[in-house]
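> Order-wise, the sequence lines are chains A and B. Last residue of the first sequence: number 284 in this note's numbering, and the count goes up by one each step with no gaps. Last residue of the second sequence: number 508 in this note's numbering, and the count goes up by one each step with no gaps.
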Amino acid sequence: MEYNLEVLNLVKKYPDFKLDSVNIKLPKGKIIGLIGENGSGKTTTIKAILNLMNYDKGNIKIFGKDSRSLIKEEREQIGIVLSDSFFSPILNVNDINKLMKDFYHNWNEKLYYEMIKEFKIPCNKPLKEFSSGMKMKIKVLCAIAHEPKLLILDEPTNGLDPIFRYEIIELFNNFVSNGENSILMTTHITSDLEHLTDEVIFIDDGHIILDVSKEVIDNEYGILELPEEKFIKIKKEDYFKSLKYKDEYLVLVNSKDEFLKKYSKMILRKPILEELMLMLVKGE
Amino acid sequence: MNIIKGLLLKDLYVFRNFKGNIIFSVFMFIFLIFIGSLRMDMFTIGSILFLIFFGMNSISSFSYDENADSDKYLLSLPITRKEVVLSKYLFVFLDSFISLIVGMLVSLFITILVRGSVDNIGTSLRICLIVFTSTSFLMCSNVPCIYKWGVEKGRMQSVIIPALFVFVLGMLGSLLLVLFPGLYLNVNLEYLFQISSFICLILNIIFYSVSYLISYKIYLKKEI
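What follows is the structure, encoded as C-alpha cells:
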C-alpha cells in the first residue's frame, strides 16, 4: 500500500505532557480523522508533521520522504488548514490571492475565485469583518486552490454552519475520490467524521487509545443502554468499556457477534463517534 | 524570489491599515517644513523627520503577524524560516531607506521652492546618513529581541539591549582615554566627518548582517 503520510513512533516530551509513540499511516485515497479532547496531543502531532517543532523520537514521512527533507515542489503538494493561525485580519480575499500566487507555482486563481463565488465570500472586506465560519471557508479554499495531494486540516469545520459543513464534507470526499489524494484531519466535532473518514484515531493524553477503521466501527462495535440491574449481569470480559450516564449504564462492545451469542436478547445499536470518544476517555 | 516578494507584499498591506494617518502626517510635515523653511534651511530636519516618523513603522508588521499567529501558517506553506527572516530585514531596511529618500526629496523640493538652494548639501547628506545609521542600529537591535521574546515581551529588551551596547561602548572609550591619555589628540574629527559616508555604509552592512544572522539562528530553534 502506498502512503501519502506516515508518522512512525513519534515522541515529543514537554515538562507536563508527553506525546508517546504516535503512529499514523495515511494511504492514498483515504481520510483519517484524529479525534481527542482539547490538549490531548492532536495539534502537537500536526505541528510535528508540519515541522513547526522538533520532536524527540520517531520519523515522519510525507510522499515516502522524510518530512524535513521535502523540497519546495513537494511541499507545494500539501494543503493546510490551521484553526488558530492564518494571515493578518486586515487582508482581504484579493490580497490573499496575490500572496498565494507568489507562494505557490501551481496556484489556481480561476479555481480560487470560482469557489469564492460559490461560497459567497465577499472579496473586498477585510478578514476581521468576517464571521468565524467565513474565515474558515477562506482557509479551506486556500488549502485546496493549489490542488495539493495531501490535506492536513486542524479543526477545519470549526464555526461552520451546517450547510457549509455539508458542502465541505462533499468537497473533501471529492478530493480523495481520485484515489491519489489523502486527508488527515483533527476535529472535536465528531459528527463530521461520521460521513467522511475511512479511519478514526482516538488520542488521549498523548497516547493513541484506539486506531480503527470506520468499517470496523460500523460492523463490530455496538452500544447499549442498560439500567443498573441489567448491567451487573454482564461480565466485564464481555464488553470493552462501560460508563454510568445519568441513571443508566452505557456499554460499549467491540465484538458485536460474540457478545450477541452470549446475550442474545440484548439489542445493540451502532455507536456514534461522540459516544465512542466519551466511552474511551471516561469509560472503565 | 517570488516568495520574498509575497512576504514583502504581506507586510506592505499592514501599512494600508493606517494609510489615513500616513497621508495626514505627510501633509502635516510638508506644512511644517514649508513654515520652517521661511526662517531656516529645513532640508536636514525635514529628511530626518520623515525617517524617524515613517522609517521605523516596519516593526508594527511583527505585531500584526504575532496577533494572527501568521508565522505558524506561513511556515506550513512552502516557505522556509530563512525566507521569513530575510523578508523581514528587507522590509525593515526598505521602510527606513524609502522614508529617508522621500523625506529628502520632499525637503529638497520645499527648500528650493522657498529658499532657492540648500545650504551646504554635502554636510546635510552626511548628517542624514549618520541618523539613518543610528536608526539602523536601533532597528537591528530590536528585531532579534522580537524574534527571541515576541513583540510585547521583547519591548523592554529592545530598549535595554541597545542602551547597554552604547553604555559598554562609551565605557570602553572612557577606559581607553584613561589608559592612553594622548590617544584622541591625533584624531582628526573633520576628516572623520568627511569619510563618515563610508563608515556609515560599513556600519549599516555590519548591523544588518550581524542582526540577520542572530535573528535567523533564534528563529531556526524556535518552536512555532
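Even glycine gets a Cβ: it sits at the ideal position worked out from N, Cα and C.
Mind pulling the chain A residues with CB within less than 9 Å of B:Y503?
The contacting residues do not exist; B:Y503 stays about 12 Å from chain A at best.
> By Cβ distance, which residues of its chain are closer than 7 Å to A:E97, with the 5 residues on each side in sequence left out?
The residue asked about is misnamed: residue 97 of chain A is Asn in this sequence, not Glu. Result list for A:N97: E109, Y112, in chain order.
> Would you check if the region 400-411 of chain B and the region 319-334 of chain B touch, i.e. whether three or more CB-CB distances between them fall below 8 Å?
As far as the Cβ criterion goes, the region 319-334 of chain B touches the region 400-411 of chain B, which means the pair count is three or higher.
> Which residues, taken in chain order from the region 334-364 of chain B, show a beta carbon closer than 9 Å to some beta carbon of chain A?
The region 334-364 of chain B vs chain A, Cβ under 9 Å: S345, Y348, D349, N351, A352, D353, S354, D355, K356, Y357, L358, L359, S360, L361, P362, I363, T364.
> With a threshold of 8 Å, establish whether the CB of B:M440 neighbours any heavy atom of the ligand ADP.
The ligand ADP is not part of this structure, which contains no ligands at all.
> Using only CA atoms, which one of A:K13, A:D95, A:I234 lies nearest to B:Y297?
Here the closest residue by C-alpha is A:D95.
> Kindly indicate which residue of B:N341, B:E507, B:D349 has the alpha-carbon position closest to the one of B:V376.
Checked all of B:N341, B:E507, B:D349; the closest Cα to B:V376 is B:N341.
> Pick helix, strand or coil for A:F240, following the three-state DSSP scheme.
If DSSP states are grouped into helix, strand and coil, A:F240 belongs with coil.
> Please list the residues of the region 46-62 of chain A that have a C-beta atom closer than 8 Å to any C-beta atom in chain B, keeping them in chain order.
Here the close residues are K47, L50, N51, L52, M53, N54.
> Quick one: what's got a C-beta closer than 7 Å to B:I508's C-beta in the same chain, skipping five residues either side?
Once the five neighbours on either side are set aside, the close Cβ partners of B:I508 are D355, K356, L359.
> What residues match up with A:K13 in a beta bridge as DSSP calls it?
Answer is A:K18.
> What residues from the region 434-466 of chain B come within 9 Å of chain A, judged by C-beta to C-beta, listed N to C?
Against chain A - using a Cβ distance shorter than 9 Å - the region 434-466 of chain B contributes no residues.
> Would you say B:R323 reaches chain A, if we count a Cβ-Cβ gap shorter than 9 Å as a contact?
Closer than 9 Å: no.
> Take A:Y14 as the anchor and find which of A:G206, A:N23, A:E220 has the nearest alpha-carbon.
With distances taken between Cα atoms, A:Y14 lies closest to A:G206.
> In chain order, what residues of the same chain have a beta carbon less than 6 Å from the beta carbon of B:V435, not counting five sequence neighbours either side?
So the qualifying residues of the chain are F346, S347, E350.
> Assuming A:M185 is part of the beta strand (DSSP E), what are its boundary residues?
Per DSSP, A:M185 belongs to the beta strand (DSSP E) from 182-187.
> Assign A:H195 to buried or exposed, taking buried as 16 or more other Cβ atoms, counted over all protein chains shown, within 10 Å of its Cβ.
So A:H195 ends up on the exposed side.
> Grouping DSSP H, G and I as helix and E and B as strand, with all else coil, what is B:R439?
B:R439 falls in the helix class under three-state DSSP.
> What first and last residue would you give for the alpha helix (DSSP H) that runs through B:S508?
At residue 508 of chain B the sequence reads Ile, which differs from the Ser that was named. Careful: B:I508 lies outside any alpha helix (DSSP H) and carries neither H nor E.
> State buried or exposed for B:P465, treating a residue as buried only when at least 16 other CB atoms are found within 10 Å of its CB.
Flag for B:P465 reads exposed.
> Which residue from A:Y166, A:L99, A:V93 puts its Cα closest to that of A:F130?
It is A:V93 whose Cα lies nearest to the Cα of A:F130.
> Have a look at B:P428 and B:I396 and give me their C-alpha separation to the nearest angstrom.
Rounded to the nearest angstrom, the two C-alpha atoms are 41 Å apart.
> Roughly how many angstroms lie between the CA atoms of A:N51 and A:Y104, to the nearest whole one?
Whole-angstrom Cα-Cα distance: 19 Å.
> Between A:K72, A:T45, A:K135, which has its C-alpha nearest A:N59's C-alpha?
Cα-wise, what sits closest to A:N59 is A:T45.
> Within the continuous beta strand (DSSP E) that includes B:L359, where are the two ends?
Counting along the chain, B:L359 falls outside any beta strand (DSSP E), though it belongs to the alpha helix (DSSP H) covering 354-360.
> I believe B:S380 touches B:T419 by the beta-carbon criterion, under 8 Å. Please report the beta-carbon distance rounded to the nearest angstrom.
With a Cβ gap of about 6 Å, B:S380 and B:T419 count as contacting.
> B:Y500 and B:C424 - do their beta-carbons sit closer together than 9 Å?
Result no, Cβ atoms of B:C424 and B:Y500 do not sit closer than 9 Å.
> State buried or exposed for B:G290, treating a residue as buried only when at least 16 other CB atoms are found within 10 Å of its CB.
Buried, since its Cβ has 16 or more Cβ neighbours within 10 Å.
> Of the choices B:T407, B:L487, B:T417, whose alpha-carbon is the least far from that of B:G339?
Checking every option, the nearest Cα to that of B:G339 belongs to B:T417.
> Based on Cα-Cα distance, which residue from B:I332, B:M388, B:E367, B:F318 lies nearest to B:L292?
That would be B:E367, whose Cα lies nearest to the Cα of B:L292.
> Given a cut-off of 9 Å on the beta-carbon distance, is the pair A:L171 and A:I144 in contact?
In contact: A:L171 and A:I144 (Cβ atoms closer than 9 Å).
> Let me see if you follow: with CB-CB separation under 9 Å, is A:L91 close to chain B or not?
Yes, because at least one Cβ of chain B sits closer than 9 Å to the Cβ of A:L91.
> From which residue to which residue does the beta strand (DSSP E) around A:K57 run?
A:K57 -> beta strand (DSSP E) spans 57-62.
> Kindly list the residues whose CB is nearer than 6 Å to the CB of A:K241, restricted to its own chain and excluding five residues on each side of it in sequence; keep chain order.
So the list reads L252, M279, G283, once near-sequence residues are dropped.
> Give the interface partners of B:E507 over in chain A, defined as CB-CB distance under 9 Å, in chain order.
Here the neighbours are K47, L52, M53, N54.
> Leaving out five residues before and five after A:P148 in sequence, what residues of the same chain have Cβ atoms less than 8 Å from its Cβ?
Excluding positions up to five away in sequence, the list reads E76, Q77, I78, G79, N181.
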